[in-house]
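Trainee:
Protein chains: 2
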Amino acid sequence: MKTKTINFQKKFEKFTDQWSPKVIAQMNDCQFKLVKVEGDFTWHDHTDTDEVFIVIDGQLRIDFRDGSITLNEGEMAIVYKGVEHKPYAENECKILLVEPAGTVNTGDAGGDQTAQEEWI
Amino acid sequence: MKTKTINFQKKFEKFTDQWSPKVIAQMNDCQFKLVKVEGDFTWHDHTDTDEVFIVIDGQLRIDFRDGSITLNEGEMAIVYKGVEHKPYAENECKILLVEPAGTVNTGDAGGDQTAQEEWI
């Protein structure tokens, strides 16, 4: 039996670094990643893919060039491909990301916050 | 601004029927569906795709031919393509499913529990 139960809280206990998504599962070509965020991320977009943010704990704001949304625990949103956005969290926020394997967290923007693929 | 905040609890309040997944969002070709389940589902598999179960509220057991797993709130699992499985919940359980658009809930098994695509 290949399927295992994946517990978000136990996975979050495995790392402390922020803005560095960790892959916990893959469904077809789509990866599920946990990330802890706090403060400001870089403005970026993903030219080839949508991405999903699901807040597991805390509060996340996603800024767009024409507005912003706020996500609390039990809420999700889709950021559509090609749309510039900037995540922000006043206090540490725990998020489940869903996006295709190979998606880079900073899109084409690059910079110090760019993370490498890492499974936990 | 096209992106909206999607609140799972508010979406669950929009329906009462069980074993009938409701689409709440689509990321690329991948749909996010909420479903309420209770009792036994039919044995089935999906020959072309994996699928993801994330428990939002309650407890879900997924039976396989060679074992079973139990998922509680804050836990997820991937059922791999081609693997026969049967979801079961002793009490009503609220689930977030992630799978490609067009995935039929009963796979090739058919029967009364087969649901049509419905957005809420």
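Keeping their order, the protein sequence lines are chains D and E.
Under our numbering, think of the first position of the first sequence as 1, with each following residue one higher.
Under our numbering, think of the first position of the second sequence as 1001, with each following residue one higher.
Idealized CB from N, CA, C, for every residue including glycine.
1) Between the C-alpha atoms of G1111 (chain E) and F1015 (chain E), what's the straight-line distance to the nearest angstrom?
2) For I95 (chain D), decide whether its Cβ has a neighbour in chain E, counting only Cβ atoms nearer than 9 Å.
3) Using a Cβ-Cβ cutoff of less than 6 Å, which residues in the same chain neighbour E118 (chain D) once the five nearest sequence positions on both sides are dropped?
4) Near H1044 (chain E), what residues of its chain come up, given a Cβ to Cβ distance below 6 Å and the 5 sequence neighbours on each side ignored?
5) So, helix, strand or coil for F32 (chain D), using DSSP?
6) Could you please tell me which residues of the segment 1 to 22 of chain D, in chain order, have their CB closer than 8 Å to any CB of chain A?
7) Using a cut-off of 8 Å between C-beta atoms, extract the partners of L1071 (chain E) located in chain D.
8) Counting only beta-carbon atoms, is K86 (chain D) nearer than 9 Å to chain E?
9) With 9 Å as the threshold, decide whether the Cβ of D1112 (chain E) is near any Cβ in chain D.
10) Between T82 (chain D) and T47 (chain D), how many whole angstroms is the CB-CB distance? I'm expecting something under 8 Å.
11) Output, in sequence order along the chain, the residues in the segment 1051 to 1081 of chain E whose CB is closer than 9 Å to any CB in chain D.
12) Measuring alpha carbon to alpha carbon, tell me which of D:I54, D:D40, D:E99 ends up nearest N91 (chain D).
13) Against chain D, does N1105 (chain E) count as a neighbour if the rule is that its beta carbon must be under 9 Å from one of theirs?
14) So what does E99 (chain D) bridge to, in DSSP terms?
15) Does the distance from the CB of M76 (chain D) to the CB of D1050 (chain E) come in under 9 Å?
16) Mind checking whether I24 (chain D) and I120 (chain D) have CB atoms under 9 Å apart?
Mentor: Looking at the coordinates:
1) Counting from one through the second sequence, the residue named residue 1111 (chain E) turns up at place 111. Counting from one through the second sequence, the residue named residue 1015 (chain E) turns up at place 15. So the two alpha carbons sit approximately 22 Å from each other.
2) By one-based count along the first sequence, residue 95 (chain D) stands at place 95. With 9 Å as the cut-off, I95 (chain D) does not count as an interface residue toward chain E.
3) Against the first sequence, residue 118 (chain D) aligns to sequence position 118. Taken in chain order, the residues that qualify are K22.
4) Position 44 of the second sequence, counted from the start, is the residue given in the question as residue 1044 (chain E). So the qualifying residues of the chain are T1106, G1107, A1109.
5) Mapped onto the first sequence, residue 32 (chain D) falls at position 32. Strand at F32 (chain D).
6) In the structure shown, chain A does not exist; the protein chains are D and E.
7) Residue mapping note: residue 1071 (chain E) aligns to position 71 of the second sequence, counting from 1. Going along chain D in sequence order, the residues near L1071 (chain E) (Cβ under 8 Å) are T5.
8) Sequence index remark: in the first sequence, residue 86 (chain D) carries index 86 (1-based). For K86 (chain D), the answer is no, since every Cβ of chain E falls outside 9 Å of its Cβ.
9) Looking up residue 1112 (chain E) in the second sequence gives position 112. It does not: the Cβ of D1112 (chain E) has no partner Cβ on chain D nearer than 9 Å.
10) Here residue 82 (chain D) refers to the residue found at position 82 of the first sequence. Here residue 47 (chain D) refers to the residue found at position 47 of the first sequence. Residue identity differs from the one stated: residue 82 (chain D) is Gly in this sequence, not Thr. So it is a contact: roughly 6 Å between Cβ atoms.
11) E1051, V1052, I1054, I1056, I1062, F1064, R1065, D1066, G1067, S1068, I1069, T1070, L1071, N1072, G1074, E1075, M1076, A1077, I1078, V1079, Y1080, K1081
12) Counted from its first residue, the first sequence places residue 91 (chain D) at position 91. For N91 (chain D), the nearest C-alpha among the options comes from D:D40.
13) Within the second sequence, the letter at position 105 stands for residue 1105 (chain E). By this cut-off, N1105 (chain E) is not an interface position.
14) If you number the first sequence from 1, residue 99 (chain D) lands on position 99. DSSP, once it has assigned bridges, lists D:Q31 as partnering E99 (chain D).
15) Stepping through the first sequence from its first residue, residue 76 (chain D) is reached at position 76. Stepping through the second sequence from its first residue, residue 1050 (chain E) is reached at position 50. Result no, Cβ atoms of M76 (chain D) and D1050 (chain E) do not sit closer than 9 Å.
16) Mapped onto the first sequence, residue 24 (chain D) falls at position 24. Mapped onto the first sequence, residue 120 (chain D) falls at position 120. For I24 (chain D) and I120 (chain D), yes; Cβs fall inside 9 Å.
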